[in-house]
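Chains H, D, S, Z and A are the protein sequences, given in the same order. Going by my numbering, the first sequence opens with residue -1, and the numbers climb by one from there. Going by my numbering, the second sequence opens with residue -1, and the numbers climb by one from there. Going by my numbering, the third sequence opens with residue -1, and the numbers climb by one from there. Going by my numbering, the fourth sequence opens with residue -1, and the numbers climb by one from there. Going by my numbering, the fifth sequence opens with residue -1, and the numbers climb by one from there. Worksheet: one structure, shown below.
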Amino acid sequence: MDIGTLFGILGCLGLVLGAIMLGGSLLGFVDVPSILIVIGGVILVTFVMFPMKTVFNSFKVGMKTLFAKTPDPTQIIRQIVDLANLARRESLVALEKASVEDEFLKKGVLLVADGTEEGLLRSILETEIAFMRQRHSYGQSIFKAMGNMSPAFGMIGTLIGLINMLGALDDPNNIGPAMAVALLTTFYGAIMANVFFLPMATKLEARSAEEALYMEIIVEGVVSILHGENPRLLQDKLEAFLNPALRAGGN
Amino acid sequence: MDIGTLFGILGCLGLVLGAIMLGGSLLGFVDVPSILIVIGGVILVTFVMFPMKTVFNSFKVGMKTLFAKTPDPTQIIRQIVDLANLARRESLVALEKASVEDEFLKKGVLLVADGTEEGLLRSILETEIAFMRQRHSYGQSIFKAMGNMSPAFGMIGTLIGLINMLGALDDPNNIGPAMAVALLTTFYGAIMANVFFLPMATKLEARSAEEALYMEIIVEGVVSILHGENPRLLQDKLEAFLNPALRAGGN
Amino acid sequence: MDIGTLFGILGCLGLVLGAIMLGGSLLGFVDVPSILIVIGGVILVTFVMFPMKTVFNSFKVGMKTLFAKTPDPTQIIRQIVDLANLARRESLVALEKASVEDEFLKKGVLLVADGTEEGLLRSILETEIAFMRQRHSYGQSIFKAMGNMSPAFGMIGTLIGLINMLGALDDPNNIGPAMAVALLTTFYGAIMANVFFLPMATKLEARSAEEALYMEIIVEGVVSILHGENPRLLQDKLEAFLNPALRAGGN
Amino acid sequence: MDIGTLFGILGCLGLVLGAIMLGGSLLGFVDVPSILIVIGGVILVTFVMFPMKTVFNSFKVGMKTLFAKTPDPTQIIRQIVDLANLARRESLVALEKASVEDEFLKKGVLLVADGTEEGLLRSILETEIAFMRQRHSYGQSIFKAMGNMSPAFGMIGTLIGLINMLGALDDPNNIGPAMAVALLTTFYGAIMANVFFLPMATKLEARSAEEALYMEIIVEGVVSILHGENPRLLQDKLEAFLNPALRAGGN
Amino acid sequence: MDIGTLFGILGCLGLVLGAIMLGGSLLGFVDVPSILIVIGGVILVTFVMFPMKTVFNSFKVGMKTLFAKTPDPTQIIRQIVDLANLARRESLVALEKASVEDEFLKKGVLLVADGTEEGLLRSILETEIAFMRQRHSYGQSIFKAMGNMSPAFGMIGTLIGLINMLGALDDPNNIGPAMAVALLTTFYGAIMANVFFLPMATKLEARSAEEALYMEIIVEGVVSILHGENPRLLQDKLEAFLNPALRAGGN
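Here it is as C-alpha cells:
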C-alpha cells in the first residue's frame, strides 16, 4: 500500500471538511443531484472519449499502480544475486525450480532456464516493458482527460442552477441559498480535478518510470545470469542502476 | 454500432435534462435564437477555418468512425488463416475468387493473387494506412476546432444578451429572466464542447490507432500468404499483434 | 473567390446581427471610441510584434490566399500532359513559346526549355515552395497573434469603462447603460478573434498545404517532361498525388 | 531607430489615454501604490526567476535589439563586394587596413587577412551567430516571463483592494470608487503584458531571425573573399539570400 | 547565498504588505483556517502527485540550489590550472594529495590520480552531470506542479467560503466581511504560485544550466590534466567555455 497517495487524498479531504465545518455545516455542501451531474457526467463522457473496454482496464491498472507498494529494488537485486549463485553452483536448468515471487523476474528466469539466447531474451523482456509503459501512459491520459472534464461539468451544473434561479426570481431571500447550491457543482468539479484525477495522472507518470527502472534492472540481471557472470560483480553492476535514486536522496 | 459513444452522449444529456427539470422547467432552457447563434455560429465559422469540401467529408468520415463497430481483430486473423490455407491447398491465384468482406483485406488479397512482389505490395497497403491516418487526424482537428469555438460563440451570445439587457434597464424584475436567457448560450456552448466535440475528437484518436493496428495485422498477414508461410505459425505471429490490447485487459 | 471563407464570415456576422436586433437595437452595439480602441489597439500592437514591412506584405499575402480560388489540380495535370505531348512532338526548346498561365509552371517550363539539369531544376523549384511555405507560416503567425491580442484589448477597453463608471457612481440609473458600453469592447474583441483572425489563421494552414501539394505536382510533372516520359504514364503518375484528397472525398 | 516598435507602443498608449479621457478623467487612472505593486512586483519577481546579472544584460540586449535600426542587407552586400574587389586588386592582407563599420564583418575580414583557413573561419563566425541567438532567446524568455507575471500581479493587487474594501463596508457610497481603484492594478497588468512585454518578446524573435540572416550573409561573403571568388558572381550569390524577404515583398 | 532569489521574494512580500497596510489593516489578511487549507492542501496534494521520498529530497535539492551561491567558474579554472602545474612538476599521482574543495573536481582528480583512462573518466563524470540534471529537472517539475495547484486550492477555499456565506444570508451587513474572508484563499494561492513556486521553478532551470556548464569545464579540465596538456593552453581552452556568459555581459 502506497501511503503517500492515500495520505495525501485523505489529508486534502480532511482539510476541506474542516474548512467547511468551521464556517458552516457540512449539510450545505451535500446535494445529491449536484453530485450526480458532476460525477455521473464525468464518468459518462469518459465513455464518449475512450473505447469502453479500455476505460475499465486502464482504470483498474491505474488504481493498482497508484495504491500498490513501490517495489524495493534492493530486495530484487539480492534475489537476482541469489539466483546467480544458484546457477553457478548447480546449472542454468536448476533455475527452473527456484521459487521467484516477482512475475517479471520469474518469466526472465524461466527463459534463461530454457536456454533462450540473449537477443531473443532481451527482445521478449523489453517488449514487456514497452507494453507496461503503453498501458500506464494510456491510463494516465484517461485520468488527465477526466481531470479536464471535471471543472467543465462543474460549470455546466452551475450554469443550470444559475439559469433556473434567475428564470424564477420571486423571493429575493431565496437567491443566496440557490446560488450556494448552484456553486456546489463547481466545487465538486474542482475537488475531483485537483485532489483526484490530475494528481493521480501525475503520480502514474512517476510510478511508470520507477517500475520501468525496476524492470530494466531485472533484464540486466537475467542476462548476466545467462552469461554466468560473477555474482559479486553482478551486484555492483545492478546497484549502479540505483544511483539516481540513492544520490537524489544523499544530495 | 459503438455503444460507448452513444451511451455516453445520451447519458450525459439525460443527466443534464434531469438536473434541469429537478430545479425548474425545461422550457426555461429552450431559446431558439440562442440555439441558432451558438450552433449556427460554430458551423459557419468551421467554413472559415477549413476548406468547404473537406469539412463535409471529414465530418462524414468522423461520424462513421465514431459510431462504427470496432473491427474484431480475432475474426480477421481467423479469416487470414483461412485464406492462407486456401492458398496452400490450391494456389495464390485461387485467392482471387475467395469471398472477403473487409475491403482492405480484399485489396491485399487481390494484389497477392495478381502476383505483386512484396516491396510493392507493402508500399501500396502502407500508403492506404497513411491516408487513413491523415483523414482521421484531419477530422480530429476539425472536431477539436469546433470544440474550441463552441464556448467562444456561447460567450458572444451571452455578451449580446447582457449588453441588450444592461442597455435597457427599465424594470428591475426583468433582470433575472433576461440574464437567464443571456446565460443560455454559454450553457449551450459548454454542452457542445464538452459532451460532443472535444470527447469525440479524443475518441477519434483512439479509433484511428485501433484501425491502424487492425490494418497492420492485415498487411503482415497478406505478406505471409504471399510467402506461403505455415498457416499455424501465421496465426501465432498475427496474434502477437493483439498482445497489447489483451494484456491491457488481463492485467 | 473562395466561397467558404466569405460565406462563413458573412453568415456569422448575420447571425450576430440577428441576435442583436431580436433583443434590442443595433444602435446599442455601436460605439465609435470602443471600436477604435479594440481595432486600433490590435493593429498598433501588431507593429510592436512584427517588423512593419513584413506586416503589410504578410497581410496582403494572407488575404490573397484566403479569398483566392483554390487551384484545380486536375486542370494543371491536363496542362502538364499537353506540354509533355508538345515537347515530344517538337522539342524541349519548343516549350519556350507555349503559353502557360500558372507562374510557377511557367518558371519550371522555361527552365526545362533552357536545358537545366534535373538536380538544379528541382533545387530551384523546391526553394520556391519552401519560400511560399515560409511566407504563409509567417502570415499565419501574424493572424494568430492578432487573434490572441483581440480579447486582450477588448478586456483593456472594458476595464477602462468599468473604472470610469465605478469612479463616478452618481446616478444608479446610469450603471446599466455604462456597463453595457464597457462590455462592448469585450464583445468586439471576441468577434474579431473568433470570427476573423483565429479562423483565418487555421484556414491559412490548410491552404498552404493545398498549394504546396499543387506545386509538388508541377515539380514532378516538369521533371518528367525533362526526361521525356510517356505523357500517358505521366498523367497516371501525377494523379497519384491527388489520391489523398479524392479518397478523402470518396470515403 | 525602429519606427514600428515605438510607433506601435505610443499609438496604443495614445488610444488608451483617449479612451480614458473620453469617459472620465485621467486622474482616476493614476494610483501610485497600485503602480508600485504591479511594476515593482513584476521587476522583483524577475530576480526570483532569473539570475540577477543575466536579467540586466538580457534586458539591455533586448532593448537595443528592439529599438535598433534593422541592418540593411543590401548595403552590407555592397560593402562585401567592395572588399572582394580590394582583395583581388591588392591582396588579402590589404583587407587589414580597410575601414569596416559593422563589427561582425570586421572580425571576419581581419580573420581572412590573418590567413585563417575556411574551416576555422566558419567555426569562429558560426559560434558568434549561435551566441547571438542564445542571448536573444534568453532575453525573449525574460520578456515572456514578465508578460506572464504582469496580469498575475495585477490580480494580486486587485484582490488586496477587494479584500480591503469588503472587509470595511461602512459607507455604500464608497464601494464604487474603492472597486475602481482595486481594478486599476488589473488594468496596469493588462497594459504591461499586452502593450509591452508580450509584443516585445514576439518582435525579439523576428529580429533575431533577421540578424541571423544578416550574419549568415556576412559569413558566406567573407568565405568567398578568402577563396578569391569573382566579385560579380559573389553579388549574385549573396543576393540569393535576400530572396525570401524580397519575394515576400513582391508577392 | 544567492541575493537575487531572496531579495526578489522579500521585495515582493514587502510590496504586498505595503499595499495591504495602505488600504486597510494587516489583520484583515490573516485567517488561519484559510492559510491551512491553501498551504496544507498544496503540500498534501504534492504527496498524491509525487512519490513521498522524492518530494522531500527534490525539495531539499531545489532549496539548496535556489539559495546556494552561484559557483564562480573563473576560480575553478584557476584551480584546475594549478592542479595541471602540479601534475606536470611532480606526477599525476601527486594529485591524490592536493586539497580540492569542490567535490566534483575532487572526484575527477582522484580518478586521474588512479590512472583511469579517458573513456571511462569521461563516462563516469558525464553520468554525474546527467544525474544532476535529472534531479534538478525533477525538482523543477515538483515546483511547477505546486505552482499550478496553488490557485486551484485557493479557488476551492474561496468556493467553500462563498457557499457557506450564500447558504446563510441572514444579516446583509455580514456579506462584505464574509466575502473578504472567502477571497483570502484566492489571494494566498496567487501569492504562493506567482511569488514562490513558479518563479523558483524558472530559476531552477537557469541554475541547472549554469551548474552543468561549470561541471563541463571541470570534465574538460580533468581530461586535459590526464593528457598532460600545457597549463597555459589549458587556461585558454577552458576560458572559451566562459564566452557565452561573458559576452552576454559585454554586449
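Glycine is no exception: its CB is placed at the ideal position from the N, C-alpha and C atoms. Quantities reported herein were computed from a predicted structural model and do not represent experimental measurements.
Residue 164 of chain H and residue 47 of chain D have their C-alpha atoms spaced approximately 36 Å apart. One thing to note: residue 59 of chain S has its Cβ no nearer than 7 Å to the Cβ of residue 187 of chain S. Using beta-carbon distances, residue 226 of chain Z does not count as an interface residue toward chain S, since no partner is under 7 Å. In this structure, the CA atom of residue 86 of chain A is about 49 Å from the CA atom of residue 143 of chain Z. Comparing C-alpha distances from residue 208 of chain D to each of D/131, D/12 and D/93 shows the shortest one belongs to D/131. In this structure, the alpha-carbon of residue 189 of chain D lies about 42 Å from that of residue 54 of chain A. Going by C-alpha positions, residue 51 of chain A is about 11 Å away from residue 1 of chain H. Residue 19 of chain A and residue 17 of chain D have their C-alpha atoms roughly 46 Å apart.
In this structure, the beta-carbon distance from residue 38 of chain A to residue 182 of chain H does not fall below 7 Å. Taken in chain order, the unbroken stretches of alpha helix (DSSP H) that lie wholly in the segment 165 to 222 of chain S and span 4 residues or more are 173 to 189.
Per DSSP, residue 101 of chain Z is one residue of the alpha helix (DSSP H) stretching across 101 to 111. Under the Cβ distance rule, residue 5 of chain A counts among the residues neighbouring chain Z, one pair being separated by less than 7 Å. Around the beta carbon of residue 73 of chain S, fewer than 16 other beta carbons lie within 10 angstroms, which makes this residue exposed.
Within the segment 42 to 75 of chain H, no run of beta strand (DSSP E) at least 3 residues long lies entirely inside it. With fewer than 16 neighbouring CB atoms inside 10 Å of its own CB, residue 124 of chain A falls in the exposed class.
Comparing alpha-carbon positions, the option among A/69, A/213, A/166 and A/174 lying closest to residue 169 of chain Z turns out to be A/174. The C-alpha of residue 192 of chain A is placed about 10 Å away from the C-alpha of residue 146 of chain Z. For the options Z/109, Z/161, Z/3 and Z/88, the alpha carbon positioned closest to that of residue 216 of chain Z is the one of Z/109.
Taking a Cβ-Cβ threshold of 7 Å, the residues of chain H close to residue 20 of chain D are 31, in chain order. The straight-line gap separating the alpha-carbon atoms of residue 229 of chain D and residue 77 of chain D is approximately 11 Å. In the structure shown, residue 126 of chain H falls within a helical segment according to DSSP collapsed to helix, strand and coil. Secondary structure note for residue 5 of chain Z: its alpha helix (DSSP H) is the uninterrupted segment 1 to 21. With at least 16 other beta carbons inside 10 angstroms of its own, residue 179 of chain D counts as buried.
Looking at A/114, A/195, A/177 and A/25, the one whose alpha-carbon comes closest to that of residue 91 of chain A is A/114.
For residue 216 of chain S, there are no C-beta contacts with chain Z under 9 Å, since the nearest C-beta of that chain is about 17 Å from it. For the pair residue 88 of chain Z and residue 94 of chain Z, the Cα-to-Cα distance works out to about 11 Å.
Following the DSSP letters along the chain, one finds residue 30 of chain S inside the alpha helix (DSSP H) bounded by residues 30 to 33. Ranked by Cα distance from residue 3 of chain Z, the first of Z/119, Z/96, Z/199 and Z/240 is Z/199.
The beta carbon of residue 156 of chain H is closer than 7 Å to those of 180, 181, 183 and 184 in its chain, skipping five residues each way along the sequence.
Judged by DSSP in its simplified three-state form, residue 146 of chain Z adopts helix. Here DSSP, grouped into helix, strand and coil, assigns residue 79 of chain Z to helix. Residue contact check for residue 57 of chain Z against chain A: no CB pair falls below 7 Å.
For the segment 141 to 156 of chain D, the set of residues with a beta-carbon nearer than 9 Å to any beta-carbon of chain S comprises 143, 146, 147, 150, 151, 153, 154 and 155, in chain order. Among the residues of chain S, none has a CB under 8 Å from the CB of residue 72 of chain Z; the nearest is roughly 13 Å distant. Taking C-alpha positions only, residue 21 of chain H is separated from residue 152 of chain A by approximately 16 Å. With a cutoff of 7 Å on beta-carbon distance, residue 43 of chain S and residue 6 of chain Z are scored as near each other.
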